[in-house]
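Shown next, in structure tokens, is the structure this report addresses.
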Amino acid sequence: MNEFLNSVRKDLGKLLDEVCNFQLNSKNFKVETKSSMVDYVTDIDKKSDEMIIDFIKTNYPTHQILTEEHGIIGEKSQWCWVVDPIDGTTNFIHSYPLHCISVGLKFENETVLGMVALPVLNTKFHAIKGGGAFKDSDKIYVSKQNILEKSLISTGFPYSRATHNPNLVYFNKIINKIAGIRRSGSAAIDLCFTAAGYTDAYFEFGINEWDYCAGKLILEEAGGKSYKKEFNTKFGKDEMFIFTNSCIDDELKKTLFNS
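Quick look at the structure:
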């Protein structure tokens with residue numbers, strides 16, 4: 001399988017170069033909204049999605065596809081691609097230089113390949129299961145920071161403008177007990193930045209599989225760990241995703257959940 005996955009990685013890298021160039025050269029685009037007035041989608045998202053779908057259908061016609069913009073495409077298969085054509089659409093619209101293309105490949109429901117391409121930074125993070133994690137051609141590792149008070153942590157907030165925003169509660173719990181907090185506006189980028197040791201952990205409520213599929217593998221191959229905690233509230237079920245450098249796990253979870 002490794003030979004196959006290495007071949008896929010090379011071909012996917014070439015495709016994402018094309019998609020990156022397309023996004024970088026797209027100066028005029030139409031903006032629409034989805035679940036809320038700040039949950040944006042552009043025609044560039046849609047065209048990028050089509051470019052990736054066409055690549056998969058042409059080269060791997062029996063594989064299933066899950067994308068943010070189209071949902072599930074194709075019959076059930078051992079292989080499933082998980083695609084977010086632009087993670088960080090709000091950033092993209094504002095020319096804020098942190099958005100990315102995130103593509104994961106699953107075999108029998110386990111992610112075996114992940115690639116996250118950042119067009120403006122001309123950088124790709126990628127991993128094959130069991131083969132380590134890379135930023136371009138350089139191997140990356142999570143940080144060795146083991147003191148929460150010295151840690152830099154990232155988070156994000158939901159598109160919903162409802163009064164119920166569970167992340168604010170945990171944001172307030174952690175903000176004065178760490179070195180600093182960052183918000184990139186892209187879950188996939190936050191995962192890659194933790195994988196590369198730029199941050200020490202990342203947590204967020206309510207992210208979707210296309211947000212974390214590729215980045216989660218990259219993080220774990222870099223030595224990180226991932227957790228999911230479910231909460232039952234009067235508003236329904238909430239899910240918090242926690243991704244760490246594996247050194248501050250206990251202290252972070254204790255601060256978030258026991259204080």
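For the sequence shown, UniProt numbering assigns the number 1 to the initial residue and increments by one for each residue that follows. Yeah, the Cβ is synthetic: ideal placement off N, Cα and C, and Gly gets one too. As the structure is a computational prediction, the values presented were derived from the model and not from experiment.
- Proximity to Pro85 across Asp249, Asn109, Ile53 peaks at Ile53, based on C-alpha coordinates.
- Sequence-distant partners of Val31 (beyond 5 residues in either direction) whose C-beta falls short of 7 Å from its own C-beta, in its chain, are Tyr40, Thr42, Ile93.
- With 16 or more other Cβ atoms inside 10 Å of its own Cβ, Phe205 counts as buried.
- In the structure shown, the three-state DSSP call for Glu108 is coil.
- DSSP, read as helix, strand or coil, puts Cys247 in coil.
- Thr199 carries a coil assignment under DSSP once its states are collapsed to helix, strand and coil.
- By the criterion of at least three beta-carbon pairs nearer than 8 Å, the stretch 182 to 195 is in contact with the stretch 206 to 222.
- Taking C-beta separations shorter than 7 Å and ignoring five residues to either side along the sequence, the partners of Ser143 in its chain run Gly197, Asp200, Asn245, following chain order.
- For Thr62, there is no enclosing beta strand (DSSP E), as DSSP marks it with neither H nor E.
- Minimum Cα-Cα distance from Lys225 among the listed residues Asn232, Ser95, Phe243, Glu239 corresponds to Phe243.
- By the CB criterion at 8 Å, Asp87 and Glu69 fall outside the cutoff.
- In the three-state reduction of the DSSP assignment, Ala222 falls in the coil class.
- The C-alpha of Gly156 is placed about 21 Å away from the C-alpha of Val120.
- Rounded to the nearest angstrom, the gap between the Cα atoms of Cys20 and Ile101 is 8 Å.
- Contact between Leu66 and Trp79 is ruled out by a C-beta separation of about 11 Å, above the 8 Å threshold.
- Taking C-alpha positions only, Glu221 is separated from Arg182 by approximately 23 Å.
- DSSP, read as helix, strand or coil, puts Tyr212 in helix.
- With a beta-carbon spacing of about 10 Å, Cys192 and Phe134 fall beyond the 8 Å limit used to define contacts.
- Non-local beta-carbon contacts of Ile248 in its own chain, meaning distances under 7 Å to residues more than five positions away in sequence, involve Gln145, Asn146, Leu148, Ser151, Asp200, Ala201 in chain order.
- For Leu152, the enclosing beta strand (DSSP E) starts and ends at 152 to 155.
- Note that the C-beta distance between Leu5 and Ala127 is not below 8 Å.
- Burial is judged here by how many other beta carbons sit within 10 angstroms of a residue's own beta carbon; Tyr170 has at least 16 and is buried.
- Here His63 really is in contact with Ile56; their C-beta atoms are around 6 Å apart, less than 8 Å.
- For Lys30, the three-state secondary structure derived from DSSP is coil.
- Counting only the Cα atoms, Gly114 lies some 23 Å from Thr90.
- Looking at the DSSP output, Lys124 shares a beta bridge with Ala117.
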